[in-house]
Amino acid sequence: MSQKIEKIKYCPQGHSSEDFAYSNLRNFIDSVGNCDVCTKERFIQEFKTWSSGDANIDYNIQEFQINDIDNKLHWIPYVNFQNIKHIADGGHGSVYSAKLENGIKWRWNFIKRDWEYLLTGRKVALKEIKDSRIDIVESLKVMMTANENRNATNFGYYGISKNPSTQNYIIVMDLFECDLHNYLTKKFWDLGWRQKLFILSLIAEYLETSHAKNFFHCDLHSGNILIGEHSYDLHLRLGINLGLYKLENDLILNSNNKINIIYGSIPYIPPEVLRGNGFTREGDIYSFGGIMYEIITAQRPFANQAHDTYLMIDICNGVRPKVPDFMLNWIPEWYLDLMYQCWSDDPSERPTAVELADLLFVRLNNFFFGIIDNNVMRQLKIAEENQKNTSKFQKQELFELVSDSSKLHPQSYYIGRYFRTLRGLHDLLEEIKSGKSSDPNLLLLKSK
Ligand SMILES: [Zn+2]
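Here the sequence shown is numbered in this note's numbering, starting from 2 and rising by one per residue.
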């Protein structure tokens, strides 16, 4: 008799491995003290021991603790944070880093009769929401959904806290080292095509996942893409910061789907939206074109120009950022074609997120395994060699040239702000063009 009989396991509480801990997942019990049902019951027992002060937040955290095996959210009391440091201010709140002193509860250990903790002593990001119109639970759910990804994107959300002195709620999440813009500024000359394609392919995958859920980012730019350097592949992990902009744009979109005021950074916003139409998934693809540009030039689009109504009109007339001539032999022709296709004035001519993700994935893979089987891959290989063969001295010279030409214009704005669309300017547009009226899109500025 060689029939293999799966042995049923029991925990000291009498739960069996045949029980269901979650709707379609059998209970997992092991010899080191893990039982999913015990963990779940322990979470439920503790519901009465904490409260955020908001019944809706409590309810949603409890739902995650009962129903989601991987993404548990926690109520994290503010006293749990140490060494709180201010990082940045945004349109809706501020971000801080802090040490999570005691970690967060992960699972109940039935042998030790105690919790096992995650993230003990680790640094996390605290996003304090100062805009009371924003529903913190909805925002958190949207961010978690949009960042679910089939690849290396690993953007952790841990829970909610509250600042006792301001009474503002806080989203507790992964802390990343820097954003894509800072990363490129530091690493540009060391990055080969493998890393460049890898970064783009992760972002395209993020768009693919969120577009499949009918979620559009609406404010994708290099400052919203966060990079960490200790992941398993290529030493990079990436998160997309939503910064609640999607929700904000929902708030300012009026009933006929036309926009008079928009939130964002002009160089990344598609012409149709600058004109006053609603943001669609094709709009994110246009923004992706801006990221493709920065990956190959280390410059943000339209860095040396004022981000004013004139620039908006130029963009609507088809003006796009220019790649410096001396860089052209480091870039495959198909790449430039793809970038300009993302920037197409006609949204229907832009590639879809699925097309982008598939194409970049295949090229990244082929490049990685040295499969140079067609013209596209040959162009990539030549571009890589041309860049490698540029001497350090030449690179230094070129670097100075780039930093010179990309000197930030004092009226360039890469952090989200409110400005009027061409539709929103109405009759004022003619007066601005003729110089009779000053440009409200330079006066409306909130922050840089
Ligand atoms: Zn148990």
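Ideal Cβ placement from N, Cα and C applies to all residues, glycine included. Fair warning: this is a prediction, and the values are worked out from it, not measured in the lab.
Helix, strand or coil at residue i [DSSP, three-state]
{"i": "ASP175", "result": "strand"}
{"i": "TRP51", "result": "coil"}
{"i": "SER162", "result": "strand"}
{"i": "CYS12", "result": "coil"}
{"i": "LEU429", "result": "helix"}
{"i": "GLY291", "result": "helix"}
{"i": "GLY277", "result": "coil"}
{"i": "TYR311", "result": "helix"}
{"i": "ASN284", "result": "Correcting the residue type first, residue 284 is Gly in the shown sequence and not Asn. Three-state result, GLY284: helix."}
{"i": "VAL143", "result": "helix"}
{"i": "VAL96", "result": "strand"}
{"i": "ASP220", "result": "coil"}
{"i": "HIS87", "result": "strand"}
{"i": "ARG27", "result": "strand"}
{"i": "ALA22", "result": "strand"}
{"i": "ILE260", "result": "coil"}
{"i": "ASN72", "result": "coil"}
{"i": "ARG108", "result": "strand"}
{"i": "LEU120", "result": "coil"}
{"i": "ASN183", "result": "helix"}
{"i": "ASN215", "result": "coil"}
Residues of its chain near residue i, where Cβ-Cβ distance is below 7 Å and the 5 sequence neighbours each way are ignored
{"i": "CYS179", "result": "ILE228"}
{"i": "THR298", "result": "VAL324, PRO325, MET328"}
{"i": "TRP109", "result": "CYS39, THR40, ARG43, TRP116"}
{"i": "PHE177", "result": "LEU227, ILE228, GLY229, GLY240"}
{"i": "GLN63", "result": "PHE48"}
{"i": "ILE316", "result": "PRO272, LEU275"}
{"i": "GLY54", "result": "LYS163"}
{"i": "LEU399", "result": "PHE327"}
{"i": "PHE21", "result": "ARG27, ASN28"}
Contacting residues, own chain, Cβ-Cβ under 8 Å from residue i (five flanking each side not counted)
{"i": "CYS12", "result": "ILE30, CYS36, VAL38, CYS39, PHE111"}
{"i": "LYS259", "result": "GLY277, ASN278, GLY279, ARG424"}
{"i": "LYS113", "result": "GLY34"}
{"i": "ASN169", "result": "GLY94, GLU129, ILE130, LYS131, LYS163"}
Residue i, enclosing alpha helix (DSSP H) - first and last residue
{"i": "ASP338", "result": "334-343"}
{"i": "ARG351", "result": "It is not in any alpha helix (DSSP H) - ARG351 carries neither H nor E in the DSSP assignment."}
{"i": "SER435", "result": "It is not in any alpha helix (DSSP H) - SER435 carries neither H nor E in the DSSP assignment."}
{"i": "SER413", "result": "SER413 -> no alpha helix (DSSP H), and no H or E assigned at all."}
6 Å CB neighbourhood of residue i in its chain, flanking five on each side removed
{"i": "GLU209", "result": "ALA354, VAL355, ALA358"}
{"i": "ALA384", "result": "TRP331, ILE332, PRO333"}
{"i": "ILE77", "result": "GLY160, SER162, VAL173"}
{"i": "GLU102", "result": "ASN81, GLN83"}
{"i": "SER450", "result": "Only positions 2 to 449 of the chain appear in this structure, which leaves residue 450 out of reach."}
Residue i: first and last residue of the uninterrupted beta strand (DSSP E) it sits in
{"i": "TYR79", "result": "That residue, TYR79, is in no beta strand (DSSP E); it is neither H nor E in DSSP."}
{"i": "GLU129", "result": "124-130"}
{"i": "ARG418", "result": "418-421"}
{"i": "ILE226", "result": "226-229"}
Sheet register partners of residue i (DSSP bridge)
{"i": "LYS113", "result": "Beta-bridge pairing links LYS113 to no other residue."}
{"i": "LEU101", "result": "PHE82"}
{"i": "SER17", "result": "TYR11"}
{"i": "TYR170", "result": "LYS163"}
{"i": "GLY265", "result": "ARG418"}
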